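Numbering (the numbering used here), first residue to last: 233 to 586. Note that CB positions come from ideal geometry on N, CA and C, so glycine has one too. Fair warning: this is a prediction, and the values are worked out from it, not measured in the lab. Inspection log for the structure reproduced underneath, given as structure tokens.
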């Protein structure tokens, strides 16, 4: 029996509650007494019970506990079986990807990738398919360029052979004019072979350009040397704020190639502007769309339909890569602009800061 007393009226009010017969005296762990102004307002006995004290609650908890107890090992076995199945599928997928990549490395194309329903693996398949297409296009472009450069190298060789055979057969006289013609074809052949050798050298991992401050007047003399006087007069040089730090030989070769392309593209004056590790060459003309001019597999120097092996601008691009710089070509109104930009060495930068 528990009692509750609340005094809110002049006369104390006492009310008694009968507890169920299941409650024993030993179940009472303590009492809670509420006192206000030294007056006891309420007295509540605290009982200690577990959910299993009541049969219905006990049945409920037992009904939940035993299924969980039995379900855990079953779930564990199912998880192992699912993991084994997924592992086998992943293993098959991995072997398929390994085979596909091996085929790509051997130069094969249009490879077959393993099918999958997993989103992440679909992304991998898409990336490999894209790589396959890019490699295929690159291979086709490379083969086309090799055929083109083979033709370019064979042309002067064939011309020299015809003239030499003609001299032997008495068709061509052995005079200064014939020798000059043979020398001209030999110079063309030597120039084209030198371009191929230079590009291969620039791609070597051992190639390290020097980065020394350049004398701008001497550098301009080095660049313009070899151009005919009438061609020099068509080059407008702007170098008032010129500061250059680069490999003199490589940079001069790149600028010569750009100037030669620009002079062949038009009959008007072209501009050579030199700033701080920045060079701009501008000439009237139009670019060809969809051509990567700085890759060896693309032809068309600055959109100019000129003869050659197509290595002029690729060599320029490689020279800029070796200088940790960039080479860009773009259309500006009615003119084509090529811009070369690169950074000097850290020591040179610190000296300028001082």
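Distance between beta carbons of residue 428 and residue 543, contact taken as under 8 Å: About 7 Å separates the Cβ atoms of residue 543 and residue 428, confirming a contact at the 8 Å cut-off.
Should residue 261 be labelled buried (16 or more other beta-carbon atoms within 10 Å of its own) or exposed? Result: exposed.
Any idea if residue 561 is buried or exposed, counting beta-carbon neighbours within 10 angstroms, 16 or more meaning buried? That one is buried.
Can you list, in chain order, the residues of its chain with a C-beta nearer than 6 Å to that of residue 567? Leave out the 5 residues immediately preceding and following it. In its chain, beyond the 5 residues on either side, 514 and 516 have a beta carbon closer than 6 Å to the beta carbon of residue 567.
Can you tell me which of the three DSSP states residue 501 falls into? Residue 501: coil per DSSP, three-state reduction.
Within its chain, find whatever has a CB closer than 6 Å to the CB of residue 631; leave out the 5 residues flanking it on each side and keep chain order. The question about residue 631 has no answer, for the chain in this structure spans 233 to 586.
Determine the direct distance from the alpha carbon of residue 472 to that of residue 553, and round the result to whole angstroms. If I take the Cα positions, the gap works out to 26 Å.
Which residue marks the beginning of the beta strand (DSSP E) containing residue 272, and which one marks its end? That run of the beta strand (DSSP E) goes 271 to 279.
Per-residue DSSP class, three states only, for residue 539: The predicted model places residue 539 with a pLDDT of 45, which falls under 50 and marks its position as unreliable; any figure quoted below should be read in that light. Three-state result, residue 539: coil.
Short check: CB of residue 404 to CB of residue 395, under 8 Å? Contact flag set, yes.
Reduced DSSP category for residue 405 - H, G, I as helix; E, B as strand; rest coil: DSSP, reduced to helix, strand and coil, places residue 405 outside both helices and strands of the structure shown, so it counts as coil.
Within 10 angstroms of the Cβ of residue 366, are there 16 or more other Cβ atoms? Answer buried if so, exposed if not. Classification for residue 366: exposed.
Assign residue 432 to buried or exposed, taking buried as 16 or more other Cβ atoms, counted over all protein chains shown, within 10 Å of its Cβ. Answer is exposed; the Cβ neighbour count stays below 16.
Please report how far the alpha carbon of residue 506 lies from the alpha carbon of residue 469, in whole angstroms. Near 8 Å, if we compare the C-alpha coordinates of residue 469 and residue 506.
Proximity below 8 Å, CB of residue 360 to CB of residue 346: No. Outside cutoff.
Under 8 Å by Cβ, that's how I've got residue 502 and residue 512 pegged, so tell me the actual separation to the nearest angstrom. Actually they are not in contact, since the Cβ atoms of residue 502 and residue 512 sit about 11 Å apart, beyond 8 Å.
Using the Cα positions of residue 401 and residue 486, report the straight-line distance between them to the nearest angstrom. Between the alpha carbons of residue 401 and residue 486 lies a gap of roughly 43 Å.
Same chain only: Cβ atoms within 8 Å of residue 176, ignoring 5 sequence neighbours per side: Outside the modelled stretch of the chain, which goes from 233 to 586, sits residue 176, for which no answer is possible.
Rank 510, 443, 458 and 460 by C-alpha distance to the C-alpha of residue 480 and give the top, closest one. Closest by alpha carbon: 443.
For residue 335, which residues of its own chain have a beta-carbon under 8 Å away from its beta-carbon, when the five flanking residues on both sides are left out? Taken in chain order, the residues that qualify are 343.
Let's see if you can read the secondary structure: which residues bound the beta strand (DSSP E) around residue 473? No beta strand (DSSP E) holds residue 473; DSSP gives it neither H nor E.
Whose C-beta lies closer than 6 Å to the C-beta of residue 508 among residues of the same chain, with five residues either side of it excluded? The answer, listed in chain order, is 475.
Cβ-Cβ distance between residue 526 and residue 549 below 8 Å: In contact: residue 526 and residue 549 (Cβ atoms closer than 8 Å).
Once the 5 residues before and after residue 570 are set aside, which same chain residues still bring their CB inside 6 Å of it? Closer than 6 Å at Cβ, skipping near neighbours: 490, 513 and 561.
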